[in-house]
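Notes to accompany the following structure.
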Amino acid sequence: MNLIDWLTPWEFSPTLLLMFFMGICLFVRGTRVHRVSKTRQAFFWIGLVFLYLSLHTRIDYYAERMFFIHRLQHLVLHHLGPLLIMGAYPGQVLRAGLPMSWRLRLRDFRASAAGRGLEAVLTNKYLVPFLFVVLVIGFLIPTVQFYSMLDWRLYRFMNWSVVISGFMYWNLILDRRPSPPAVLSPGGRIISPVVTMVPQMVVGAVITFTEHDLYPIFDLCGRAIPGMTAVTDQAIGGLTMWVLAGFVEVFGLLFALATLMRLSARNRLPNKQDIKRAKQAAIISAT
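Using our numbering, the final residue of the sequence shown is 465, and nothing's skipped along the way.
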C-alpha cells in the first residue's frame, strides 16, 4: 500500500474537511496579526496533523478492526492532539484571524448572558475533568463499545466527543494566567491530571490483564491483523491506555508545573485578599 492509499479517507467527511480548512485559514491569518513563536506554531501544526491522520485517513479503517489501534487513535484524539494544539495557545491567534465583523459579534456574544453561560459550562472546573474521564471509560464498557463500533452515528459521536472533551480539559490545565481570572488555581492544574490519570490507568490495567475477549466486535468486523489473537490485541490496547496515556498526562502536568513556577517567580500567585476581592467583584457583576 502506497502513501496515497494510506492518506485516502476511509469514510469521506466534507464537514470534517471544512472544519480543518477553517482552522488552518484562521490560524494562518492570525499569525499575520500576532507574533507566534516557531515552537507554538510547531505544536499547532503537529497536533492538527495528528488529529487529521487519526480521523480522516486509512488509519480509521484499522481502528475499526483492531482494538489496540483503536486505543492508539483515541490516545491521539483525546490526549496528544488536543494537548499539542492547546499548548500552542491558539485562542487569540484564531480570534485575530476572524474578519472584524465576526470578532465584534463574538465579543458581543461573550458579553451576553447566553455567552457567559456557555463559557461557564465549557470551563467548569468540575464538569470538564469529569467528562474527560467518563467519555473515555464509558465507551470502553463492552456493550457500549459494541454498538458504538457498529453504528456509524455512534462511532462519530464517540470520536468527536473525546476530541471536544480533550480540548476543553487541556484548555483548563494549560491556562498560563493566575487564578482568578483562570478557572483552576495553579496548584489545581497540577493535581487535576493526577486525579484524571488514575481511573484511566486502572481501567487500562484491568483490560491488559483480562484473559478473555472483552470486545468480540473486532472479530465480528474482521481483524486487520489475522495472526494476532483477541487477547493479545486487547492486552496491547490496555497497555496503551495504562502507560502511554499516563505519559501524555504527565507532560500536561509538567506544563502546569512550569506555569506555577513562572507565576511564583513573578510573584503573581493569588493571596487570600486577591481571592476575596475577586469573589466580591463576581457577586457584584452577577447582580
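No residue lacks a Cβ here, since even glycine has one placed at the ideal position from N, Cα and C.
As the structure is a computational prediction, the values presented were derived from the model and not from experiment.
Does DSSP put residue i in a helix, in a strand, or in coil?
i: Val373; result: helix
i: Ala464; result: Below a pLDDT of 50, predicted positions are generally treated as unreliable, and Ala464, at 44, falls in that range; no measurement from the model is reported.
i: Met336; result: helix
i: Glu189; result: coil
i: Pro320; result: helix
i: Pro307; result: helix
i: Tyr240; result: helix
i: Met278; result: helix
i: Ala360; result: coil
i: His252; result: helix
i: Met406; result: coil
i: Ser343; result: helix
To the nearest angstrom, how far is the alpha carbon of residue i from that of residue j?
i: Leu284; j: Asn349; result: 19 Å
i: Val314; j: Gln323; result: 11 Å
i: Phe310; j: Leu258; result: 13 Å
i: Ser326; j: Thr235; result: 19 Å
i: Ala360; j: Gln270; result: 15 Å
i: Ile182; j: Tyr230; result: 15 Å
i: Arg401; j: Trp184; result: 18 Å
i: Val211; j: Ser279; result: 16 Å
i: Ile319; j: Phe246; result: 15 Å
i: Leu362; j: Ile369; result: 10 Å
Could you name the residues of the same chain whose beta carbon sits closer than 7 Å to that of residue i, not counting the 5 residues immediately before and after it, in chain order?
i: Glu189; result: Asp238
i: Arg444; result: none
i: Val214; result: Val271
i: Tyr393; result: Phe245, Pro320, Gln323, Gln412
Looking at residue i: is its Cβ nearer than 7 Å to the Cβ of residue j?
i: Tyr347; j: Val381; result: no
i: Val254; j: Phe221; result: no
i: Leu332; j: Met264; result: no
i: Arg354; j: Thr437; result: yes
i: Gly316; j: His256; result: no
Judging by CA-CA distance, which residue of the options is the nearest neighbour of residue i?
i: Pro260; options: Leu328, Val384, Val426; result: Val426
i: Met412; options: His248, Gly293, Ile369, Asp329; result: Position check: residue 412 holds Gln in this sequence, whereas Met was assumed. The shortest C-alpha separation from Gln412 is found at His248.
i: Ile385; options: Pro358, Val421, Ala220; result: Val421
i: Ser339; options: Asp329, Pro320, Leu328, Val312; result: Val312
Spatial neighbours of residue i within its chain, please: C-beta separation below 6 Å, excluding the five flanking residues on both sides.
i: Met375; result: Gly424, Glu427
i: Asp391; result: Ala408
i: Gln251; result: Ser232, Ala241
i: Pro187; result: His234
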